[in-house]
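First comes the structure, then the notes that go with it.
Numbering (our numbering), first residue to last: 1255 to 1565.
Following this line, the structure appears as structure tokens:
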């Protein structure tokens, strides 16, 4: 219960940064286009620093096992969601934007800082594990779904800054290399910029969006219910039915990090691809923003359920 309240408090705190981002644009202090600069800094500097910093820890078998368990659990969840979205495509008339918004959540700019704020720097190590399955599948399955062809963006995978941060972090972890104190302080400072910067970007984008269109789109509520409740619930129930964590109780707090990621709002990457391929970009943005608002309540409730199931 305490963790759920802490999550709710931290998400609410992050939403204040969203409001601040909207205010600075609405008042004319900065232009809406400035969000692109801040977004680029978040994607290419702040997030990679946070991920790399999480690997500056002591190497143990338990940590490696936990990291690999997070990767495996995430792959299982994604394949389950991809299968379910395809089964629901015809009966629910899901569009490509509907499908990708249901499957892919904001595991980077929202989940990483949320885990850091709520569970501490060490748990960011496990949250970073999700960057591998997310980027592999989003830039293959996700992009092929949006554009309606089997073309994969392999260059997007191999050039992804977060993937490189994970790989370099793993090398440093494997050899137990640690940054000099001066560099460590610098990297840590940049890592702590992720939460405010990423949330302010959302607010700056939100400033140019009609709130009426966000809250008066009926289909958006159905997609939000699927993304924040139904889809994250399925892999967690599967894990509970399997009884796996009864044999590995040490994984309960570790896999809770992946559970937080499962319940994350729709990925902003979907909106970006929707713009590139002209596939209902406004709808994609509505899904992203509406699920962000609702996750203030749904993530704490979902993690509360996780704790009940595996206590």
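Glycine residues also receive a C-beta, built at the ideal position from the N, C-alpha and C atoms.
### Helix, strand or coil at residue 1383 according to DSSP, with G and I counted as helix
coil
#### Entry: Where residue 1271 falls, given that 16 or more other Cβ within 10 Å makes a residue buried
buried
### Task
Would you mind giving the Cβ-Cβ distance between residue 1367 and residue 1448, rounded to the nearest angstrom? I have them listed as a contact below 8 Å.
5 Å
### Task
Would you kindly work out how many angstroms separate the C-alpha atoms of residue 1501 and residue 1433, rounded to a whole number?
37 Å
### Message
Using the three-state DSSP reduction, which class does residue 1476 fall into: helix, strand or coil?
### Response
helix
### Task
Please report how far the alpha carbon of residue 1511 lies from the alpha carbon of residue 1370, in whole angstroms.
10 Å
### Task
Kindly indicate the opening and closing residues of the alpha helix (DSSP H) around residue 1431.
It is not in any alpha helix (DSSP H) - residue 1431 carries neither H nor E in the DSSP assignment.
### Outcome for residue 1532 when other beta-carbon atoms lying within 10 angstroms are tallied against a minimum of 16
exposed
### Message
For residue 1466, report the span of its alpha helix (DSSP H) as first-last.
### Response
1465-1469
### Message
Within the continuous alpha helix (DSSP H) that includes residue 1290, where are the two ends?
### Response
1288-1295
### CB contact flag (residue 1540, residue 1474, <8 Å)
yes
### Query
Under 8 Å, do residue 1476 and residue 1359 count as touching if we go by C-beta distance?
no
### Task
Determine which residues share a DSSP beta bridge with residue 1538 and list them.
Bridge partners of residue 1538: none, in fact.
### Task
Tell me whether the beta-carbon of residue 1441 lies closer than 8 Å to the beta-carbon of residue 1301.
no
### Query
If we count the other Cβ atoms within 10 Å of its Cβ and call it buried at 16 or more, is residue 1223 buried or exposed?
The structure shown does not extend to residue 1223, since the chain spans only 1255 to 1565, so no value can be given for it.
### Task
Would you kindly report the start and end of the unbroken alpha helix (DSSP H) that includes residue 1263?
1256-1280
### Query
What three-state label does DSSP hand residue 1462 in the structure shown?
coil
### Query
Taking residue 1299 as the reference, which of 1419, 1375 and 1284 has the closest Cα?
1419
#### Entry: Validate contact between the region 1281-1291 and the region 1455-1467 using beta carbons, cut 8 Å, 3 pairs
yes
### Task
Starting from the N-terminal side, write out each stretch of the alpha helix (DSSP H) that is 4 residues or longer and does not extend beyond the region 1481-1551.
1485-1496, 1498-1501, 1505-1516 and 1522-1530
#### Entry: Counterpart residues of residue 1359 in DSSP-defined beta bridges
1520
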